[in-house]
Amino acid sequence: MPVNLKGRSFLTLKDFSPKAIHYLIALSKDLKSKYRAGIKGDLLKDKNVVLIFDKASTRTRCAFEMGASQEGAYVTFLSNSQMGKKESVEDTAEVLGRYYDGIEYRGFKQSLIQDLAKHSGVPVWNGLTDEFHPTQILADLLTIQEHIFKPFEDIKVVFVGDARNNMGNSWMIACAKLGMHFVGLAPKSLWPNPKLVKEMQALAKETGGKVEITSDIDKGVKGADVIYTDVWVSMGEESKFPERIKLLKPYQVNLKMLHKSKNPHVRFMHCLPAFHDTKTEVGKQIYKKFGIKEMEVTDEVFRSRHSIVFDEAENRLHTIKAVMVATIGNV
Ligand code: CP
Ligand code: NVA
Numbered sequence: 038m039p040v041n042l043k044g045r046s047f048l049t050l051k052d053f054s055p056k057a058i059h060y061l062i063a064l065s066k067d068l069k070s071k072y073r074a075g076i077k078g079d080l081l082k083d084k085n086v087v088l089i090f091d092k093a094s095t096r097t098r099c100a101f102e103m104g105a106s107q108e109g110a111y112v113t114f115l116s117n118s119q120m121g122k123k124e125s126v127e128d129t130a131e132v133l134g135r136y137y138d139g140i141e142y143r144g145f146k147q148s149l150i151q152d153l154a155k156h157s158g159v160p161v162w163n164g165l166t167d168e169f170h171p172t173q174i175l176a177d178l179l180t181i182q183e184h185i186f187k188p189f190e191d192i193k194v195v196f197v198g199d200a201r202n203n204m205g206n207s208w209m210i211a212c213a214k215l216g217m218h219f220v221g222l223a224p225k226s227l228w229p230n231p232k233l234v235k236e237m238q239a240l241a242k243e244t245g246g247k248v249e250i251t252s253d254i255d256k257g258v259k260g261a262d263v264i265y266t267d268v269w270v271s272m273g274e275e276s277k278f279p280e281r282i283k284l285l286k287p288y289q290v291n292l293k294m295l296h297k298s299k300n301p302h303v304r305f306m307h308c309l310p311a312f313h314d315t316k317t318e319v320g321k322q323i324y325k326k327f328g329i330k331e332m333e334v335t336d337e338v339f340r341s342r343h344s345i346v347f348d349e350a351e352n353r354l355h356t357i358k359a360v361m362v363a364t365i366g367n368v
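Read left to right, the sequence shown gives residues 38 to 368 (the numbering used here).
Quick look at the structure:
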C-alpha cells in the first residue's frame, strides 16, 4: 500500500514509521524490476536535484546520479561550495531551495543536514553523516529480503565493530522499527550512545523487536542470520587507527566468528568500502605500520558464499532512487 512521503526529508529512519520503511523497500523492488526490464522511467522527469558531498563517496554519489537520471531528473554535483565557509548553512539552504526540488547531503554533523532541511523548504536526503546512514539501511533491508526467506521479525542482525558509528546507530534504529533482533557487538568503549539505546529498546518493546548491546562474541553471534560489519575508523576519524586496531582486532569478522553463529546459512554484510586486503593505499599503510593485512573482515569471509556485499551495493541504486521518487517524484 503506497504511503504518501511527498515533500518529506529523509534524514534518519527515526522519522519514519515501519509502514513507510516497508513501502520504500517495496518501491525499490518495483524500480529494480523496471530497471532490469530496461524500462526508462519518467517518475522524476524535469526535477532538479543537487548533490553535496563534504566526504568521499563511490556508491552513494553514483546511485543518486544514476537513479535521478534514469527517471528523468537533472543533477548538479556540488563539492566546493561556499556553504559553511563564506555563507551560512541557512543562507545556502534558502538559495538551493529556490533552484532545486531536492538536496542530497553527505558530511559530518547531523545538525547541519537538519538545518538544510529546515531552511531549504525542499526534501533533503541524508547521504551519510557522522550519526546516521539511512539510505544504506534501505539497501541492506532489500538485500536481506532477497536472500533470507523469513519475515524481518524473525531475523537477528549482529552489528560487529564500531557499534557507535553511523551504521551501528542506523541498524539499531531499523531493527527497533521493524521488530527485528539487533545485537551491537563491540568492546565497551565503542558501545552506542546509551540514550539512543534506551530509546530504541523502548521502541523495540512496542514492535516485538529486541535491542541488545554486548561485548561477548560467543553470546552475541549465536543464532545470527546476518553478521554485519563496517570500517573500524570512519571518515573524519583517521587519527584513531592505532587505538581501534588494538580494540577491535578480537572483533574481526572471520570464519571462526561465522561458525560461532551455528547457522550454516549466516550472511555476511558490509556497507563497503571494506579493508579485507592490502589492495588500497590505506590498507598498504596499515600493513606497513601495524603488520595486519585485513581489518574488520578477512578476505576469506569477504569472498565466501556467505558474503552478499555486492548485491547490497547494487541495491543502493534502487533504494536511493526510491527515496527520491517517493519524496519528490511524479507519483
Ligand atoms: N556504502 C557507502 O556509502 O559507500 P560510498 O562511501 O562509496 O558512498
Ligand atoms: N562508517 C563509515 C561508513 C562508510 C560508508 C564511515 O562513515 O566512514
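Think of the CB as a built atom: it goes at the ideal place given N, C-alpha and C, for glycine as much as any other residue.
Just so it is clear, the structure is predicted and the values come from calculations on it, not from any experiment.
Other residues of its chain near residue i: CB distance less than 6 Å, five sequence neighbours each side excluded
{"i": "Thr-315", "result": "Lys-321, Tyr-324 and Lys-330"}
{"i": "Tyr-288", "result": "Val-197 and Gly-198"}
{"i": "Ala-110", "result": "Leu-81, Lys-84 and Val-86"}
{"i": "Leu-88", "result": "Phe-101, Phe-114 and Glu-141"}
{"i": "Lys-247", "result": "His-218 and Ala-241"}
{"i": "Val-112", "result": "Val-86, Glu-102 and Ala-105"}
{"i": "Asn-352", "result": "Ala-176, Leu-179 and Thr-180"}
{"i": "Phe-278", "result": "Val-270"}
{"i": "Glu-249", "result": "Val-220"}
{"i": "Val-40", "result": "Lys-56, Ala-57 and Tyr-60"}
Residue range of the alpha helix (DSSP H) that includes residue i
{"i": "Val-360", "result": "346-365"}
{"i": "Trp-162", "result": "Where Trp-162 is concerned, there is no enclosing alpha helix (DSSP H), although the beta strand (DSSP E) it sits in stretches over 161-163."}
{"i": "Lys-214", "result": "203-215"}
{"i": "Lys-71", "result": "55-73"}
{"i": "Phe-196", "result": "Looking at the DSSP string, Phe-196 is not in any alpha helix (DSSP H); the run it does join, the beta strand (DSSP E), is 193-197."}
{"i": "Val-368", "result": "It is not in any alpha helix (DSSP H) - Val-368 carries neither H nor E in the DSSP assignment."}
{"i": "Asp-255", "result": "254-258"}
{"i": "Lys-77", "result": "Lys-77 -> no alpha helix (DSSP H), and no H or E assigned at all."}
{"i": "Thr-97", "result": "96-107"}
{"i": "Phe-278", "result": "278-285"}
{"i": "Ala-93", "result": "That residue, Ala-93, is in no alpha helix (DSSP H); it is neither H nor E in DSSP."}
{"i": "Ala-239", "result": "231-244"}
{"i": "Phe-47", "result": "From DSSP, Phe-47 is part of no alpha helix (DSSP H); its letter is neither H nor E."}
{"i": "Glu-190", "result": "No alpha helix (DSSP H) holds Glu-190; DSSP gives it neither H nor E."}
{"i": "Phe-339", "result": "336-339"}
CB contact flag (residue i, residue j, <9 Å)
{"i": "Ala-399", "j": "Arg-201", "result": "Given a span of 38 to 368 for the chain in the structure shown, any question on residue 399 remains unanswerable."}
{"i": "Thr-436", "j": "Asn-117", "result": "Only positions 38 to 368 of the chain appear in the structure, and residue 436 is not among them; the question remains open."}
{"i": "Lys-56", "j": "Met-38", "result": "yes"}
{"i": "Met-272", "j": "Lys-92", "result": "yes"}
{"i": "Asp-348", "j": "His-302", "result": "no"}
{"i": "Ile-357", "j": "Phe-101", "result": "yes"}
{"i": "His-313", "j": "Val-338", "result": "yes"}
{"i": "Gly-139", "j": "Ile-365", "result": "yes"}
{"i": "Thr-335", "j": "Asn-367", "result": "no"}
{"i": "Ala-350", "j": "Arg-96", "result": "yes"}
{"i": "Val-258", "j": "Leu-227", "result": "no"}
{"i": "Glu-190", "j": "Gly-245", "result": "yes"}
{"i": "Lys-187", "j": "Asp-255", "result": "no"}
{"i": "Ser-94", "j": "Gly-164", "result": "yes"}
Range covered by the beta strand (DSSP E) that runs through residue i
{"i": "Gly-221", "result": "218-222"}
{"i": "Leu-88", "result": "85-90"}
{"i": "Ile-250", "result": "247-251"}
{"i": "Thr-266", "result": "263-266"}
Proximal residues to residue i (C-beta, below 7 Å), its chain only, five neighbours per side dropped
{"i": "Ala-154", "result": "Ser-46, Leu-48 and Val-161"}
{"i": "Lys-71", "result": "Gly-78"}
{"i": "Gly-205", "result": "Phe-196, Asp-199, Gly-221 and Pro-229"}
{"i": "Ala-363", "result": "Leu-42, Leu-61 and Leu-64"}
{"i": "Gln-151", "result": "Leu-48"}
{"i": "Arg-98", "result": "Leu-88 and Phe-90"}
{"i": "Val-159", "result": "Gly-134, Tyr-137, Asp-138, Gly-139 and Ile-140"}
{"i": "Ile-185", "result": "Ile-192, Asp-262 and Arg-304"}
Own chain partners of residue i with C-beta closer than 8 Å, once the 5 adjacent residues on each side are dropped
{"i": "Leu-50", "result": "Ile-58, Phe-169, Pro-171, Ile-174, Ser-207, Ile-210, Ala-211 and Lys-214"}
{"i": "Lys-225", "result": "Ser-252"}
{"i": "Val-319", "result": "Phe-312"}
{"i": "Lys-299", "result": "Lys-259 and Gly-260"}
{"i": "Gln-119", "result": "Thr-129"}
For this session: Take every Cβ of the stretch 108-123, pair it with every Cβ of the stretch 192-208, and state whether three or more of those distances are shorter than 8 Å.
Result: No: fewer than three Cβ pairs fall under 8 Å.
Problem set entry | the stretch 259-270 touching the stretch 293-307, judged by at least three CB pairs closer than 8 Å | yes
Exercise. Contact between the stretch 104-111 and the stretch 81-88: three or more CB pairs below 8 Å?
Worked result: yes
Exercise. On the three-pair Cβ rule with 8 Å, is the stretch 274-285 touching the stretch 211-221?
Worked result: Verdict: no, contact absent.
Problem set entry | Inter-stretch contact (C-beta, 8 Å, three-pair minimum) for the stretch 125-138 and the stretch 226-245 | no
Problem set entry | Residue ranges of each alpha helix (DSSP H) within the stretch 114-178, 4 or longer | 126-136 and 147-157
Problem set entry | Whole runs of the beta strand (DSSP E) within the stretch 287-318, excluding any shorter than 3 residues | Correct list: 304-307.
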